[in-house]
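Number of protein chains: 4
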Amino acid sequence: MATHKVRVGITGFGTIGERIADGVNEQADMEIVGVCDAAPAIPVRALIDSGQRYPLYAANAEGKEKLENAGADVAGMHEDLIEKVDIMVDAASPGIPAQNKSKYESAGIKAIFEGGESNEIADVLFNTHANYSEALGKNFIKNLSCNTTGICRTILTLDNAFGVKEFTSLIVRRAADPSETHKGPINAAMPAKVPSHQAEDFMIVKPEISAVTVVVTVPITHGHINSTQAVIKESANRDDILDAFSKEPRIKLFKLGDGFDSNSTIFDYNRDLLNPRGDMYEVPIWEETVYVKENVVYWVQMIPQEAIVIPENIDAIRAAMQTHESAEEAMRETNRYLSML
Amino acid sequence: MATHKVRVGITGFGTIGERIADGVNEQADMEIVGVCDAAPAIPVRALIDSGQRYPLYAANAEGKEKLENAGADVAGMHEDLIEKVDIMVDAASPGIPAQNKSKYESAGIKAIFEGGESNEIADVLFNTHANYSEALGKNFIKNLSCNTTGICRTILTLDNAFGVKEFTSLIVRRAADPSETHKGPINAAMPAKVPSHQAEDFMIVKPEISAVTVVVTVPITHGHINSTQAVIKESANRDDILDAFSKEPRIKLFKLGDGFDSNSTIFDYNRDLLNPRGDMYEVPIWEETVYVKENVVYWVQMIPQEAIVIPENIDAIRAAMQTHESAEEAMRETNRYLSML
Amino acid sequence: MATHKVRVGITGFGTIGERIADGVNEQADMEIVGVCDAAPAIPVRALIDSGQRYPLYAANAEGKEKLENAGADVAGMHEDLIEKVDIMVDAASPGIPAQNKSKYESAGIKAIFEGGESNEIADVLFNTHANYSEALGKNFIKNLSCNTTGICRTILTLDNAFGVKEFTSLIVRRAADPSETHKGPINAAMPAKVPSHQAEDFMIVKPEISAVTVVVTVPITHGHINSTQAVIKESANRDDILDAFSKEPRIKLFKLGDGFDSNSTIFDYNRDLLNPRGDMYEVPIWEETVYVKENVVYWVQMIPQEAIVIPENIDAIRAAMQTHESAEEAMRETNRYLSML
Amino acid sequence: MATHKVRVGITGFGTIGERIADGVNEQADMEIVGVCDAAPAIPVRALIDSGQRYPLYAANAEGKEKLENAGADVAGMHEDLIEKVDIMVDAASPGIPAQNKSKYESAGIKAIFEGGESNEIADVLFNTHANYSEALGKNFIKNLSCNTTGICRTILTLDNAFGVKEFTSLIVRRAADPSETHKGPINAAMPAKVPSHQAEDFMIVKPEISAVTVVVTVPITHGHINSTQAVIKESANRDDILDAFSKEPRIKLFKLGDGFDSNSTIFDYNRDLLNPRGDMYEVPIWEETVYVKENVVYWVQMIPQEAIVIPENIDAIRAAMQTHESAEEAMRETNRYLSML
C-alpha cells in the first residue's frame, strides 16, 4: 500500500458524485482532496450550506461566479484540483467526462468514469466481482450502471457458489430520483426494446454467462426492482441459495413478513437507521421471493440507485492505484470502512 | 344454436360486471335480461343517469332503497332476475358469489364466476384457448383472472404454433383501477411471494406447460404489464413469432416506434378510437420487445385489466350453454360481435 | 344564420384539436371540412385506424409522407384546406399557429387560437360568459386556457347572480395528460411564482373583478382541481349558491357522499356514461365543498383539461361568424348539440 | 429549571414517536428514559438493528414476545416505564393514547398527546406561538396536527408583526408517508368537505383570528403544501413580509430560482445536508410565492409532515414541566438544541 493516502478528486458533485466523495472519505487509506462542479445544484448548495466539508473547485469561470453567488468559498479551478490528485472520479453529467479525459491524460493522473459514459471512454469496463484483476493498474476505468452492478453482485455470488449458466433479469426501473421533477411518467409503465443494454454490459465483464435483460420504467423514485431467474450448474435448494446470499456482505436479506413490503419501506428503514441520506450500499433481496425450481433460481432484489455503485467505485480506485492485488482484499477493505458486514 | 337468445343476467354491476353486460349485449345470440347490484356505486349511478339501458334489480331490500334513492327504477329483486335467466354471470365483490351459488342451484340455472372467487366455487376453471371442451355443458364455470387470461392467450398462441415447454412471466401489476382511490401504494414497488398464484391457475387449465409467475405491484392504473420468456419446442425466429401473434384476433401488435410508449398511451389511443370507456379486448404486445434467443422467446405485453376478461366470459357462456361445440367456433362468434378481427 | 353550414377546418389534431373537431361536428349549423397535422401522433393514428371520419390534410410535404406511411389517405395540403373553409381552429403545438396566421390572413379566412399562444396573436382574448359581444365578427379570436375557462364559468355565474368583487383560486394542476409520459413530476408538488398567469388573463376578459391565482403542480393526469374563494356583493346563503351553480348548464354538481370522491372517479363515471373518450364538457363542483362565510363563497371544482374548452371554442366560431348575436343564444345552441342540459 | 433533567418516556415509536425521542434527547435538560411499543414495525426494527440507543419497553405481553422475536432486549413493560418518567409523550396509534391516559393519571405523571387524538383527551390544545402560557403546569396537553402547527407558525409570525384579521389556507395534502404502502390514491386528487378541521383547531388556540381551511389530498409522500392568503391589519409590503418570515427560526425561506422547485427537492436537500432521516424542523416558504395585494398576503409553504411537530412537542414538555415560563424562552431553548437558528 502507498505510504501516503490516495489523493482523490471528484468532478461532478451530483447524486452520485457526492456519495462517492463521502464513501471515499470514510476509507482509511484515501482522502478527498477536493470536489468540483459547474453550478450550485442542490447537492452543491447543501455542501456549501453545511460548511463545505470538502474544498470546492469550479469547473470553469462562469461556474466559479455561480458558486460564489451561492455562498461558496471556491478553492480553485478544475485544473488546480487535477494537479493535486492521484486519481479523479468523474461523475459529471454524461458527455462532460469524455471532454475532461484529455486533461487527465495530460496531467498524468488516473480517472474513474460512471455508467452514463460510453464504454469507449475507458481501458476497462469494471465490476469488482467480475474482473478486478483486469483493472489493476489501469489508467481509465469505467463502472457499470446501478442495475448492472446489482445484477453482478447477486449473479456472481451464485456463480461463485453453484456456477451460473445463464440468466434473465426484468428491471422494473424507477423513472427518476426524488428531486428529478422534470422526469415522467406520472401514471404509466414504459417498456423498452428487448434486450436492454444491461445484459450487454454484463457480458462484457463476464462473458462466460449468457444474459438477457428487459426494462419497464415505472413512476417510482426510491429504487429499481430486479426480478431475476438464473440457471445454475450445480444442484442447490432454497436454503443453499439463501445461505450463499447471506454470506455476501454486499447483499442484505429482508423479509416481506417483517414488514419490508416495498422499496420505499426499505428506504424508510434506512432513514430510521440514521444512515446518511437514508442510503444503503447493499442490494436488498426479499427472502420470500427466493424460489428454486429444478435448476432455476428466482428472486426479486432492489437496487438503491443513488448509493449502490459507491463500493464498486471505491474498489475501482483500489484497482487503478493497485492498493490491493485481489478483489477479495479490495472488497474487504472497502466494506470495512462502509460498515458492510 | 338455441332457437331463442341465451337469457343472461349479471350480478354485480361493477368494473367487470358492467363490461360483461355490454359485451354480452353485443352478441346476436344473447340478451341481457337484467343486471343486479346492492348499492349505487359509480357504474350503477352511470347506468341510472344514462337511462338504464338494462333493467336493474336489487340484491336485497336495503339495496333496493339505496338504488331508488339514487333515482333508479328497480325492476325487482335478485330472485326475480334469477327466474328470468338461463345463466347468471356473478361478478359481485369477492365472497358474495359464493353465497349466491345455492340460489342458482335451487333455481336450476347455470352461472359464471370471476377470478376473485376461490377455484372451488366452480366445476371447472376455464380458459377458452386452454380447455373449452372441458367446460361444455357445465353448470358452474370460473374464469381466470385478468393477468392469467392474458398469459393464456399469448402462451397458447405460441404453444399452438411451436409448442411451449415452460415459461416465466413477471407481472408488473397495476395497483388500482382509476377510481379505486383507497388503494396504494403511491410511490413504491411491492414484490409478492414467488411463485404467485397466476402460474398455479395456469397449470390447472394447461397442465402440460410448466409455469412460474412473479408479481411486483406498482402505482399505475391503466393496465398491468407482463414480461414473459417462454421455451418453445420447435425452432422459430422473430418473424415467425410476430406472425403467430399477429394471426390471433385476441392479440394486437403495437410499435414503440409509432409512439405507443406505455400502457397509458395505448389507453389514450383506445379513447381516441372512441371505444366505449376507452376499453380494448385484445392483449397488446409491443413489437420491439419480441426477441428470440435460441429456443427462448421474450416479449412484453399489456393487460387492459378492466376489459380483457370479457371475451372469455362470453366464451364461457357459450361453453355452459353449448351454443358452440368447439373453442374455435365459440371464439369466432364472440370475436365477431366484439369487433376483434 | 348563414344559409350554408359554417365550414370549419382544424389545424393540429392533438388532444384539443380532435375534441374540437368532434364537438364542432355535432353542431347542426357547422361542418368539419378537414383536419390537418404534420405527423401521425396518437390521435391522428386513431383517426386513421378508425376510418378517417374527417378528410386529413398534411401540414407539409414531410408530414404528408409520414401520414401516408401510417396508412392515411391524405386529401391535400394545409393550403388546400385553407381554401375550403370559412374559419380555421388552429390547435397546433404552441408557436406553430403564430406562423400559420399570415396564411389565414392572405386567404381571407378567420381563425380561432388556443390558450397556449401569446395573447398578441388575436384581436380579442375570448370567453363566452365574459365578453362574447367583443368578439362578434372578429377575424382572430384566442380562447382562454382550460383553468381560466373553468374559473370564468363559475365566477361569472356567481357574478351574474350576486355580483363578485374579487376572488382567489388555487389551482392544483395536473402535471400531464395520460399519455404525456415524458412529463413529471412523479412524487412531488411544485409551486409556481404567485400570482400565476390565469388571474391576469381573467382580468383581461373581465376587468371589473379583481383576481389572484396560485398554481401548485401535482402528479395526476385526470383533471386539475381549483379551490376558489370569491367575495360576493349581494347576500347569499349556501342554498342560493348551489341553486345558481345548478342552473348553469356548463357546471355540474357532484356529491362526495355519492362516491364521487376524486377527479379520477368523475373521469371513470364519464367513461361509464359511455361519453366519447370518457370526456365531459361541464365543470364539476363538489357540493360538500360549497361553503359560505359572511360574504365569501368557497368551493372546489374540477377542470377536465382535455375537453373543457370545447364549448367555448364553438362559441368563438359563432362569435367570429356572427351566427348568433348574443352569448346566451350562442351558448344555448352550442350546449344543445353537446347535450349540456 | 429543575435540578435534574426532565425524565421523558415515549409511547408509540412510530414515525412521530421516534422523532420526538431523538429531538428530546438533544435537549440538554431532558433525557429519554425509555420508549415503548407493541410490535416491531419498521422504526422499532431500525432501533433494534442499530443498537437500541433507548431502552425499549413492551406495551403488553404479546408485544414483548414480538419485540424479542425481532431481536430486542426488552427493558420492561409500559407500566415499568411509566414509573420512571416525569412525563410521557404518547404518540401511539390514534385511540390507544386515550386508553393509556388513566394509567398516567393513576401514576401521577403528565402526558403529551398528538394531533390524531380527539381534543377532549387533554386539558389544553396547544401551540407554542398561540397559547404557551395556558399550558403552563398542565397535566395533559395535546399538540396540533402537522398542518395546523405549520399554519400557526406562519400566521402567528405575521400576526405578531402586522396583526392578522383572518386567513384561508388550502392544504394540498400528501396522502401517505413513504412507507405507508396501503394508502392511496395513486392518480387522483381528493377534495374534502369545506371547511376542514384544521381551521377549527386553529381557532381554538387562537380565537382572535378567523380561519377557513380547505383540503385536497394528492398522491405525494414528501410533505404537504399550504397555499395561504391572510388579511393583515397593518400595512406591509412584500419585503416587510419576507423580513418577518426570515426572522422566525422555525421558518426557512427557499427560492424556486435556486432550484428548490418542489417539496421533494427540499427533502433531497435535507438528505444532502446529512440531517438525520433527511428531516427538517422548519416550515419552508418559497420566496417567489410571497405576494402582497393591498392588505392581503399570499404565500406557499411546505409542511414536512414527519418532523414539523417535534419542536412544539418539546415546547409542550417545557410548558407542562414549567421549565420555562414564557413561549419565547421555551422556544429559544428548544430551537438551540435542534439547531434552528
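Residue numbers (the working numbering), protein chains in the order written: chain A, 1 to 341; chain B, 1001 to 1341; chain C, 2001 to 2341; chain D, 3001 to 3341.
Ideal Cβ placement from N, Cα and C applies to all residues, glycine included.
Shown here, A:I141 sits in a strand according to DSSP, grouped into three states.
Taking 4 residues as the minimum length, the alpha helix (DSSP H) runs contained wholly in the region 65 to 132 of chain A are 78 to 84, 96 to 107, in order along the chain.
Between B:I1310 and B:Y1269, the C-beta gap is not smaller than 7 Å, which leaves the two residues out of contact. Counting only residues of its own chain and dropping the five nearest sequence neighbours on each side, D:G3051 has no CB closer than 8 Å to any other CB. Boundaries for C:F2167: no alpha helix (DSSP H) harbours it, while the beta strand (DSSP E) harbouring it runs 2164 to 2174, taken from the DSSP string.
The beta carbon of C:D2239 sits closer than 6 Å to no other beta carbon from its chain once the five residues preceding and following it are set aside.
Between C:E2288 and D:K3193, the C-beta spacing is below 7 Å. The DSSP-derived three-state label of D:Q3229 is strand. For the options B:T1323, B:M1088, B:V1212, B:H1004, the alpha carbon positioned closest to that of A:E294 is the one of B:V1212. Nearest CB-CB separation between A:D272 and chain D: below the 7 Å threshold. Residue state for D:S3210 is assigned as strand, using DSSP reduced to three classes. In this structure, the beta-carbon distance from C:A2316 to C:I2096 does not fall below 7 Å. For the 7 Å CB-CB criterion, A:A327 and A:Y132 form a contact. Of all residues in the region 38 to 57 of chain A, only P40, A41, I42, P43, R45, A46, L47, D49, S50 come within less than 8 Å of chain D when Cβ atoms are compared, listed by chain position. Using a Cβ-Cβ distance cut-off of 8 Å, the region 2327 to 2340 of chain C and the region 2007 to 2027 of chain C are in contact, since at least three pairs of beta carbons, one from each stretch, lie closer than that value. Contact residues of the region 3011 to 3023 of chain D toward chain A are E3018 (C-beta to C-beta distance below 7 Å).
Per DSSP, the unbroken beta strand (DSSP E) holding D:D3037 starts and ends at 3030 to 3037.
Neighbours of C:G2184 in chain A, taken as residues whose beta carbon is under 9 Å from its own, are A175, A176, E180, T181, H182, K183, G184, P185, I186, P219 in chain order. Excluding residues up to 5 positions away in sequence, L2056, Y2057, A2058, K2064, L2067, E2068 lie with their Cβ nearer than 8 Å to the Cβ of C:V2074 in the same chain. Straight through space, the alpha carbons of C:I2171 and A:A188 are spaced by roughly 23 Å. Taking 7 Å as the threshold, the shortest C-beta distance from B:E1105 to chain A does not fall below it. By the beta-carbon neighbour count (other beta carbons within 10 angstroms, threshold 16), A:G150 is buried.
In this structure, C:V2033 sits near C:R2007, with a CB-CB distance shorter than 7 Å. Counted as a single uninterrupted DSSP element, the alpha helix (DSSP H) harbouring B:R1332 occupies residues 1327 to 1337. In this structure, the CA atom of B:S1118 is about 10 Å from the CA atom of B:L1125.
Under the DSSP assignment, C:Y2281 falls outside any beta strand (DSSP E); it carries neither an H nor an E label. Neighbours of C:R2277 across chain B, judged by C-beta separation under 8 Å: R1271, D1272, L1274, G1278. Under the DSSP definition of a beta bridge, A:I10 partners with A:V35, A:V89. Those residues of the region 1292 to 1303 of chain B placed with their C-beta closer than 7 Å to a C-beta in chain A are K1293, Y1298, V1300, ordered along the chain. Counting only Cβ-Cβ distances below 7 Å, B:M1190 has contacts in chain A at D261, S262, in chain order.
If the five residues before and after C:D2177 are omitted, its C-beta is found closer than 8 Å to the C-beta atoms of T2015, T2221, Q2305, E2306, all from its own chain and listed in chain order. Less than 7 Å separates the beta-carbon of B:H1182 from that of D:G3184.
Counting only residues of its own chain and dropping the five nearest sequence neighbours on each side, B:N1237 has a CB closer than 7 Å to the CB of V1292.
No Cβ of chain D is located within less than 7 Å of the beta carbon of C:K2233. Under the 7 Å criterion on CB atoms, A:S196 is classed as non-interfacial with respect to chain B. For D:D3268, at least one C-beta of chain A is nearer than 7 Å to its own C-beta.
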